[in-house]
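Peer 1: Letter by letter, the sequence shown follows residues -24 to -1, 1 to 268 in mature numbering (1 follows the signal peptide of the UniProt record, and there is no 0). Just so it is clear, CB atoms sit at the ideal spot from N, CA and C, and this is done for glycine as well.
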Amino acid sequence: MPAPTPLVLSAILSALLLAAPAAAQSLELRDSTRIRDKAAGFDEPSGLSLSADGGFLWAVSDNAPEVFRLGFDGKLIPGPRPRLPWPDQAEGVAATPDGTGLIVVREDGARVALIDIAGGETRIDRALRDMEGWDDFAALLSGPADGEDENGLEGVAIAPLDGTVWLLREAEPRLLIALSPDLARIVSVRRLDAAAGFDDAMDRDGRLDVSGIAVAAAGFWIVSDRGRRVFLLPRDGGAGPALSWPLARKDGDDPDLLSDAEGVAWDPGRNMLFVVSDAKKKSRLVSYALTD
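(1) Less than 7 angstroms between the C-beta atoms of L104 and I91, yes or no?
(2) In whole angstroms, what separates the C-alpha of D67 from that of L116?
(3) If we require 4 or more residues per run, which alpha helix (DSSP H) segments fall completely within the segment 82 to 138?
(4) Could you name the residues that DSSP lists as bridge partners for E148?
(5) Do W142 and A192 have their CB atoms nearer than 7 angstroms?
(6) Taking the alpha-carbon positions, what's the P41 to R150 distance?
(7) Look at the alpha carbon of P61 and the alpha carbon of A89, and state the distance between them as a whole number of angstroms.
(8) Go ahead and pull the three-state DSSP assignment for G173.
(9) Roughly how many whole angstroms lie between the Cα atoms of L249 and R167?
(10) Helix, strand or coil: which one does DSSP assign to A15?
(11) Measuring straight from C-alpha to C-alpha, what distance separates R260 and D158?
(12) Give me whichever residues DSSP pairs with L24 in a beta bridge.
(13) Should P58 be labelled buried (16 or more other beta-carbon atoms within 10 Å of its own) or exposed?
(14) Measure how close the beta-carbons of G188 and V262 come, nearest whole angstrom, since I'm counting them as under 8 angstroms.
(15) Can you name, in chain order, every residue of its own chain whose Cβ lies under 6 angstroms from the Cβ of G203, other than the five neighbours on each side?
(16) With which residues is L78 paired in a DSSP beta bridge?
(17) Go ahead and pull the three-state DSSP assignment for G213.
(18) Leaving out five residues before and five after T140 in sequence, what residues of the same chain have Cβ atoms less than 6 angstroms from its Cβ?
(19) Please report the distance separating the alpha-carbon of L5 from that of S253.
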């Protein structure tokens, strides 16, 4: 039997995504491994995405100008590393469903780029404020999301069926931003407030943030660095507030929680959630299984 083409693999993964459970009763810790590789420049993991074929993870590091291939065992996979159009501050990565490109976001300047994996060239590099629709949402997006401080863009994900690109703004206020597939237009902006299930009280200092996003059939998986939690937010704003679970770092009756969660990837084929943390020497890739 001939090997499936990237388009066929993309269709298979899309079908699996739609078959994912609408909600899970629990999130079961499966593995936790340290991943920092200083020699390779993988010092500050900041974003994560499942590859289009489901075979590995794409990852970015806040201090590196390239995208890394990461195995499910937490080890870097040798091979070419697509170059970014910026020297640093990449905060999220998402593989395009056809497997040819990567969309990456930068916190400084609130920029979004599309990179060709095979050729390595940057197809698009655009600031959020230069997109159509900016004026419609400027009251919400000006300031932090415009790159004026550290509460800018933090994550990116792509809906495989319609190509919508979803971005996160970290805080003040927390936002879920939808872009057109061609990265030309801001389609919508949604507040991630207490009514949506994101309560500042979940952080001991009252400053809950959001730091990574992945798309699932039930909505969006969103991690919080300060809250040490993962949220499952319905795509339909009228479907109720987000569910959430604490992010365990190890098993036990009083489990140690994962600090500095920066990226999340959802694997519908394995029914697994992968979370990457930026804790310097203690940076980790942690995997969880959804159980009924």
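Peer 2: Quick answer:
(1) Residue numbering aside, residue 104 sits at position 128 when the sequence shown is read from its first letter. Residue numbering aside, residue 91 sits at position 115 when the sequence shown is read from its first letter. Not in contact: L104 and I91 (Cβ atoms no closer than 7 angstroms).
(2) Reading the sequence shown from its first residue, position 91 is the one you call residue 67. Reading the sequence shown from its first residue, position 140 is the one you call residue 116. The sequence given here has Glu at residue 67, not Asp. In a straight line, the C-alpha of E67 is about 20 angstroms away from that of L116.
(3) Fully enclosed alpha helix (DSSP H) runs of 4 or longer: 110 to 117.
(4) Position 172 of the sequence shown, counting from 1, holds the residue named residue 148. Its beta-bridge partners do not exist; DSSP assigns none.
(5) Working through the sequence shown from its first residue, we reach residue 142 at position 166. Working through the sequence shown from its first residue, we reach residue 192 at position 216. Contact: no.
(6) What you label residue 41 is simply residue 65 of the sequence shown in a count that begins at 1. What you label residue 150 is simply residue 174 of the sequence shown in a count that begins at 1. Straight through space, the alpha carbons of R150 and P41 are spaced by roughly 26 angstroms.
(7) What you label residue 61 is simply residue 85 of the sequence shown in a count that begins at 1. What you label residue 89 is simply residue 113 of the sequence shown in a count that begins at 1. Near 8 angstroms, if we compare the C-alpha coordinates of A89 and P61.
(8) If you number the sequence shown from 1, residue 173 lands on position 197. Three-state result, G173: coil.
(9) Against the sequence shown, residue 249 aligns to sequence position 273. Against the sequence shown, residue 167 aligns to sequence position 191. So the two alpha carbons sit approximately 24 angstroms from each other.
(10) Here residue 15 refers to the residue found at position 39 when the sequence shown is read from its first residue. Assignment of A15 by DSSP, reduced to helix, strand and coil, places it in the helix class.
(11) Along the sequence shown, read from residue 1 onward, the residue named residue 260 stands at position 284. Along the sequence shown, read from residue 1 onward, the residue named residue 158 stands at position 182. C-alpha separation (whole angstroms): 33 angstroms.
(12) Position 48 of the sequence shown, counting from 1, holds the residue named residue 24. According to DSSP, L24 bridges with A35.
(13) Residue 58 sits at position 82 when you count from the first residue of the sequence shown. The residue is buried, with at least 16 neighbouring Cβ atoms inside 10 Å.
(14) Counting from 1 along the sequence shown, the entry for residue 188 is found at position 212. Counting from 1 along the sequence shown, the entry for residue 262 is found at position 286. About 12 angstroms; that fails the 8 angstroms criterion.
(15) Here residue 203 is taken as the residue at index 227 of the sequence shown, counted from 1. Same-chain partners within the cutoff: M178, D179 and L184.
(16) Within the sequence shown, residue 78 is the residue found at index 102, counting from 1. L78 pairs with A71 and I91.
(17) For the purposes of this step, residue 213 is identified with residue 237 of the sequence shown, where counting begins at 1. In the three-state scheme derived from DSSP, where H, G and I count as helix and E and B as strand, G213 is classed as helix.
(18) Translated into positions along the sequence shown, residue 140 becomes position 164. Within the same chain, T140 has close Cβ partners A154.
(19) Residue numbering aside, residue 5 sits at position 29 when the sequence shown is read from its first letter. Residue numbering aside, residue 253 sits at position 277 when the sequence shown is read from its first letter. Annotation: L5 to S253 spans about 15 angstroms, alpha carbon to alpha carbon.
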